[in-house]
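Novice:
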Amino acid sequence: MRQRLPRAAAALAAVLMITGCTTNNNVDTTKTTAIQPVAKDVSASDLVEGKAQFREANFGLAEQHFRKAVELKSDNAEAWMGLAASYDELGRFDFADRAYAQLLRVAGRKPQIVNNMGYSQLLRGNKKRARALLLEAKAGMADQTVVDANLALLNKS
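What the sequence shown shows, in mature numbering (1 follows the signal peptide of the UniProt record, and there is no 0), is residues -23 to -1, 1 to 134, in sequence order.
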């Protein structure tokens, strides 16, 4: 004698026989998104410390931090500017000239850069070259306060 399966059980058995077991060969189809690393400026902390040391007139320490900043990120115009200014204050005009040359390559001939180059010439006693650079900078600056102060220093010397 045969036993009869309830209709629901029979329907389930039929579905399982028709579909059978399927696998996806253990391929993970989970959708994920990778977290992209944040582009971190590794020279930023040295730039901040270089500025702090420069403001405190610790030009040797400022030079060290600005130099490290440009070694870590060679297109960091602000660090090149700080490095050149530090060399100026240390009287290392040969290194300052190299830093200004690199700064011009990185950032172009901007009035703020030309102003600093003029001040560098003022520190060296090259009054004629300082005046030419400072006047060039003044012509391109909206706020001429700093350039005017440098020109006043030049006129006093």
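C-beta atoms are modelled at their ideal positions from N, C-alpha and C, and glycine is treated no differently.
(1) Alpha carbon to alpha carbon, what distance is there between leucine 67 and phenylalanine 36?
(2) Using beta-carbon positions only, say whether leucine 110 and serine 134 come within less than 9 Å of one another.
(3) Going by beta carbon distance, what residues of the same chain come within less than 7 Å of glutamine 30, once the five residues before and after it are set aside?
(4) Beta-carbon within less than 7 Å of glycine 117's beta-carbon, same chain only, minus the 5 sequence neighbours each way: which residues are those?
(5) From arginine 75 to lysine 45, what does the alpha carbon distance come to, in whole angstroms?
(6) Work out the CA separation of leucine 24 and aspartate 18 for me, nearest whole Å.
(7) Can you determine whether any heavy atom of the ligand FMN sits closer than 8 Å to the C-beta of serine 63, and answer yes or no?
(8) Between which two residues does the alpha helix (DSSP H) holding glutamate 113 run?
(9) Name the residue from Gly27, Val47 and Phe70 whose alpha carbon lies nearest to the alpha carbon of asparagine 103.
(10) Take the Cβ of leucine 128 as the centre, count every other Cβ of all protein chains shown within 10 Å, and call the residue buried at 16 or more, exposed below.
Specialist: Concretely, from the data shown:
(1) 7 Å
(2) Contact: no.
(3) Leu38, Ala39 and His42
(4) Pro88
(5) The alpha-carbon atoms of arginine 75 and lysine 45 are separated by roughly 16 Å.
(6) Computed Cα separation, rounded: 10 Å.
(7) The model on display carries no ligand, and the ligand FMN is accordingly not part of it.
(8) 104 to 117
(9) Comparing C-alpha distances from asparagine 103 to each of Gly27, Val47 and Phe70 shows the shortest one belongs to Phe70.
(10) For leucine 128, the number of other beta carbons within 10 angstroms of its own is at least 16, and it is reported as buried.
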